[in-house]
Amino acid sequence: MKILVTGAAGFIGFHTSQKLLARGDEVVGLDNLNDYYDVRLKLARLEILQKSPNFRFVKLDLADRSGLAALFAAEKFHRVINLAAQAGVRYSIQNPLAYVDSNVVGFANILEGCRHNGVEHLVYASTSSVYGANTRMPFSVHQNVDHPLSFYAATKKANELMAHTYAHLYSLPVTGLRFFTVYGPWGRPDMALFLFTRNILAGKPIDVFNHGHHRRDFTYIDDIAEGVVRSCDRVAAGNHAWDSDAPDPGSSRAPYRLYNIGNNQPVELMRYIQVLEECLGRKADMNLLPLQQGDVPDTWADIEDLQRDVAYTPATPVEVGIRNFVDWYLRYYKDGGPADPKVTNLG
Numbered sequence: 029m030k031i032l033v034t035g036a037a038g039f040i041g042f043h044t045s046q047k048l049l050a051r052g053d054e055v056v057g058l059d060n061l062n063d064y065y066d067v068r069l070k071l072a073r074l075e076i077l078q079k080s081p082n083f084r085f086v087k088l089d090l091a092d093r094s095g096l097a098a099l100f101a102a103e104k105f106h107r108v109i110n111l112a113a114q115a116g117v118r119y120s121i122q123n124p125l126a127y128v129d130s131n132v133v134g135f136a137n138i139l140e141g142c143r144h145n146g147v148e149h150l151v152y153a154s155t156s157s158v159y160g161a162n163t164r165m166p167f168s169v170h171q172n173v174d175h176p177l178s179f180y181a182a183t184k185k186a187n188e189l190m191a192h193t194y195a196h197l198y199s200l201p202v203t204g205l206r207f208f209t210v211y212g213p214w215g216r217p218d219m220a221l222f223l224f225t226r227n228i229l230a231g232k233p234i235d236v237f238n239h240g241h242h243r244r245d246f247t248y249i250d251d252i253a254e255g256v257v258r259s260c261d262r263v264a265a266g267n268h269a270w271d272s273d274a275p276d277p278g279s280s281r282a283p284y285r286l287y288n289i290g291n292n293q294p295v296e297l298m299r300y301i302q303v304l305e306e307c308l309g310r311k312a313d314m315n316l317l318p319l320q321q322g323d324v325p326d327t328w329a330d331i332e333d334l335q336r337d338v339a340y341t342p343a344t345p346v347e348v349g350i351r352n353f354v355d356w357y358l359r360y361y362k363d364g365g366p367a368d369p370k371v372t373n374l375g
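Taking this note's numbering, the leading residue of the sequence shown gets 29, the next gets one more, and so forth.
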């Protein structure tokens with residue numbers, strides 16, 4: 029298949045593109061290469077992808093309506109995996125309009141491209157952040173999610189609503205994937221594991237929010253990418269048992285589906301840090317701080333629908349995933365890495 033992967037130079041986009049290329053798909057990778065974090069890392073990911081003859085890179089912003097329309101018309105993609113977005117809970121408090129441009133306007137342009145060019149299936153990234161003020165665990169796609177706690181989460185919830193509308197109006201099959209705290213090699217420098225590793229190696233303290241009482245459904249990047257590819261292969265279909273008197277948020281009569289992709293095993297943040305210390309052979313000096321604005325204390329993914337529909341269960345333990353990250357980090361940042369990023373995201 030010819031598949032468009034947006035955000036191909038990003039963390040999840042890079043790993044997803046690798047999986048598609050490994051099985052013989054033709055991948056057109058789109059990215060705007062913005063400077064939200066170190067562009068050198070994005071270029072290094074692209075350099076690896078461009079070694080495949082089945083990969084082509086297009087530098088383009090999702091908000092460029094005419095440019096995106098021209099790309100869709102010229103390429104006639106079979107399927108689209110939209111992973112491009114302005115990420116980060118905390119940065120959305122500082123710069124909300126960046127999220128409107130990328131996550132709302134950009135996603136509308138993706139939907140229009142799919143609608144007008146016969147795309148068979150659109151898979152798009154959502155986030156566990158949409159669960160917001162919900163406290164019933166584990167989080168299920170069948171729960172109502174109308175109380176986001178960050179603007180980032182609100183834009184992702186908007187994506188789910190927009191996608192449903194296009195599924196209903198135009199019979200465009202759409203699948204939304206709610207990712208739970210993704211980590212692993214080639215990760216984003218603004219994420220907690222990256223910052224913790226850098227500061228511990230440099231002998232600097234790490235900022236631990238909510239006094240370390242977070243619990244997160246940390247999900248290894250290979251598990252995420254495998255879930256994305258399997259979801260892409262399973263074209264969304266309408267749920268004929270859907271009841272408008274008791275509407276199920278996770279499906280519809282339209283060809284619309286939502287899935288959580290998480291490890292289904294929440295881990296205490298302090299245990300996560302302990303494993304990192306063991307992998308690095310060093311202890312962390314911790315600044316214990318209050319819960320940050322926009323954060324949620326705990327996440328835990330109900331993945332029953334994912335298991336049933338795509339026959340896949342993410343299962344990489346943090347002991348393995350963190351070791352793989354540390355091994356990659358030590359190889360890649362032989363000189364200690366570039367300057368510290370300005371924001372931290374636990375995810």
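Glycine residues also receive a C-beta, built at the ideal position from the N, C-alpha and C atoms.
As the structure is a computational prediction, the values presented were derived from the model and not from experiment.
### Query
What does DSSP give as the partner residues of arginine 285 in its beta bridges?
In DSSP, arginine 285 forms a bridge with Thr203.
#### Entry: First and last residue of the uninterrupted alpha helix (DSSP H) at phenylalanine 83
It is not in any alpha helix (DSSP H) - phenylalanine 83 instead sits in the beta strand (DSSP E) that spans 83 to 87.
### Query
Taking C-beta to C-beta, are arginine 244 and valine 295 nearer than 8 angstroms?
The Cβ atoms of arginine 244 and valine 295 sit closer than 8 angstroms to each other.
### Query
Roughly how many whole angstroms lie between the Cα atoms of tyrosine 180 and asparagine 123?
Rounded to whole angstroms, tyrosine 180 to asparagine 123 spans 10 angstroms at the Cα level.
### Query
By DSSP, does valine 371 sit in helix, in strand, or in coil?
Caution applies to valine 371, whose pLDDT of 41 falls short of 50 and renders its modelled position unreliable; the model cannot decide the point.
#### Entry: Identity of the residue in Lys30, Gly309, Asn292 and Tyr360 nearest proline 217 by Cα
Comparing Cα positions, the closest option is Tyr360.
### Query
Which residues bound the beta strand (DSSP E) around tyrosine 119?
Element bounds for tyrosine 119: not the beta strand (DSSP E) but the alpha helix (DSSP H), 119 to 122.
### Task
For the alpha helix (DSSP H) holding valine 33, just list the boundary residues, first then last.
In the DSSP assignment, valine 33 falls outside any alpha helix (DSSP H) and lies within the beta strand (DSSP E) extending over 30 to 34.
#### Entry: Own chain residues within Cβ distance below 6 angstroms of proline 369, not counting five before or after
Unreliable placement is indicated for proline 369, whose pLDDT of 42 sits below 50; no coordinate value is reported for it.
### Every unbroken beta strand (DSSP E) inside the stretch 156 to 235 [3 residues or more]
List check, beta strand (DSSP E) in window: 202 to 207.
### Task
Mind checking who valine 151 pairs with in its DSSP beta bridge?
Valine 151 is bridged to Ile109 and Thr203.
### Query
Which of the three DSSP states, helix, strand or coil, is assigned to valine 324?
In this structure, valine 324 counts as coil in the three-state DSSP scheme.
### Query
Looking at tyrosine 360 and the ligand ATP, is the gap between the Cβ and the nearest heavy atom below 7 angstroms?
As far as ligands go, the structure on display features none, and thus does not contain the ligand ATP.
### Query
lysine 87 to serine 272, Cα distance in whole Å?
Take the alpha-carbon of lysine 87 and the one of serine 272: they are about 42 angstroms apart.
### Task
Would you mind sorting valine 67 into buried or exposed? The rule is 16 or more other CB atoms within 10 Å of its CB.
Classification of valine 67: exposed, given that the 10 Å Cβ count is below 16.
### Query
In whole angstroms, what separates the C-alpha of alanine 112 from that of glycine 349?
Just so you know, the alpha carbons of alanine 112 and glycine 349 end up roughly 24 angstroms apart.
### Task
Scan the stretch 56 to 82 and note each continuous alpha helix (DSSP H) run of 4 residues or more that stays entirely inside, going in chain order.
Counting only unbroken stretches of 4 or more residues, the alpha helix (DSSP H) elements lying wholly within the stretch 56 to 82 are 67 to 77, in sequence order.
### Task
Check each candidate in Pro166, Phe100 and Met165 and name the one with the smallest Cα separation from glycine 146.
The option with the nearest alpha carbon to glycine 146 is Phe100.
### Message
Once DSSP output is grouped into helix, strand and coil, what is the label at threonine 344?
### Response
Three-state DSSP puts threonine 344 in coil, outside helix and strand.
### Task
Can you grab the Cα-Cα spacing for the pair glutamate 305 / serine 156, in whole Å?
For glutamate 305 and serine 156, the distance between alpha carbons rounds to 27 angstroms.
#### Entry: tyrosine 248, DSSP secondary structure in three states
In this structure, tyrosine 248 counts as strand in the three-state DSSP scheme.
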